[in-house]
Amino acid sequence: MQAQADAKQPVRKRLWADIVRRKISAQQAALQLYGLESARLAKLKLDVTSGDPDNREAAAAQYYWRTLFGEDFSRDRVSPGSNIALNYGYAILRAATARAIVASGLNPSLSVHHVSGGDALRLADDLMEPFRSAIDITVKDMRLGATDELTPVLKTELAAVMLADYATENGRTPLSQVLVRLAQSLARVYLGTDKRLDWPHSDIPLPVSANDISEETWDSVLP
9 MQAQADAKQP
19 VRKRLWADIV
29 RRKISAQQAA
39 LQLYGLESAR
49 LAKLKLDVTS
59 GDPDNREAAA
69 AQYYWRTLFG
79 EDFSRDRVSP
89 GSNIALNYGY
99 AILRAATARA
109 IVASGLNPSL
119 SVHHVSGGDA
129 LRLADDLMEP
139 FRSAIDITVK
149 DMRLGATDEL
159 TPVLKTELAA
169 VMLADYATEN
179 GRTPLSQVLV
189 RLAQSLARVY
199 LGTDKRLDWP
209 HSDIPLPVSA
219 NDISEETWDS
229 VLP
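Under the numbering used here, think of the first position of the sequence shown as 9, with each following residue one higher.
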């Protein structure tokens, strides 16, 4: 934790650029999953530099949302339909990321990039970014109407994303464990024993059926 607090700005900027590139890669993979045009994201990813001073992340997000959910889609935190499902899914992802951070000996309030006064989970907001597309894919497949609300079944589907498999060097690894390995690798970077974050080999997960998940797993995935 002391090494985390002492991390120099060049290190944090390099880490943030890596996170942004991975996020854009995942967005590109999500669009490709549905046969949607993604070449612009590939170009934006190549343009990301240390610290992302040109905010390629925002430019990618603007194109991504419009392409994935349609020209009329507007991302916000209060609307029903897809937005409320995204918010719920992101809350689950954020909680799982925070648990991984704490388990790895890091302070979740000491961020790589995000700045939010009084927020105790700023590092979780950083590390979860490349995995948001896993939630986005699940929500898109729900085909929610503009006024639809979340049901227990839909909440179960969103919780199941934390158990979806990513391809890693150890084979198929659930997202919850991918997050732990990522946080552990960040700790090693701060300690100076490693230079790179441990990312999965795949940008988006294979889907899993919520029906295949036992009741004993819910405490580990629900916020």
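We put the beta carbon where it would ideally sit given N, CA and C, even for glycine. From a predicted model like this one, the values you see are computed outputs, not experimental measurements.
Item, Value
"Once you ignore the five residues that flank S141 on each side, which residues in its own chain have a CB closer than 6 angstroms to its CB?", "A34, Q35, A38, I212"
"Tell me which same chain residues have a C-beta within less than 8 angstroms of the C-beta of S117, skipping the five on either side of it?", "D127, A128, L129, R130, L131"
"My output table needs one value for Y42: the three-state DSSP class, helix, strand or coil.", "coil"
"For V111, is the classification buried or exposed, using 16 other Cβ atoms within 10 angstroms of its Cβ as the cut-off for buried?", "The question names Val, but residue 111 in the sequence shown is Ala. Result: exposed."
"Would you mind stating whether E157 and P88 have Cβ atoms separated by less than 9 angstroms?", "yes"
"With 16 as the cutoff for other CB atoms within 10 Å, does Q17 come out buried or exposed?", "exposed"
"Please name the residue or residues paired with P182 in a DSSP beta bridge.", "D173"
"DSSP state of L214, grouped into three classes?", "strand"
"Give the C-beta separation of P160 and L171 to the nearest angstrom, bearing in mind that I take them to be a contact with Cβ-Cβ under 8 angstroms.", "Not a contact, Cβ separation roughly 17 angstroms."
"Could you check what DSSP says for M150 in three-state terms: helix, strand or coil?", "helix"
"In terms of alpha-carbon separation, which member of P138, A167, H121 lies closest to Q12?", "H121"
"Could you tell me the alpha carbon to alpha carbon distance between A67 and V28, rounded to whole angstroms?", "11 angstroms"
"Please classify N91 as buried or exposed, where buried requires at least 16 other C-beta atoms within 10 Å of its C-beta.", "buried"
"What three-state label does DSSP hand E223 in the structure shown?", "Note that E223 has pLDDT 49, beneath the 50 cutoff, so the model's placement of it is unreliable and no number is given."
"Quick one: Cα of R102 to Cα of D133, how far?", "7 angstroms"
"Just to confirm before moving on: does the CB-CB distance between L214 and R180 stay below 9 angstroms?", "yes"
"Would R30 and G59 be called neighbours here (beta carbons separated by less than 9 angstroms)?", "no"
"Which of helix, strand or coil does DSSP assign to L94?", "helix"
"Inspect the beta-carbon positions of M136 and T176 and report whether they are closer than 9 angstroms.", "no"
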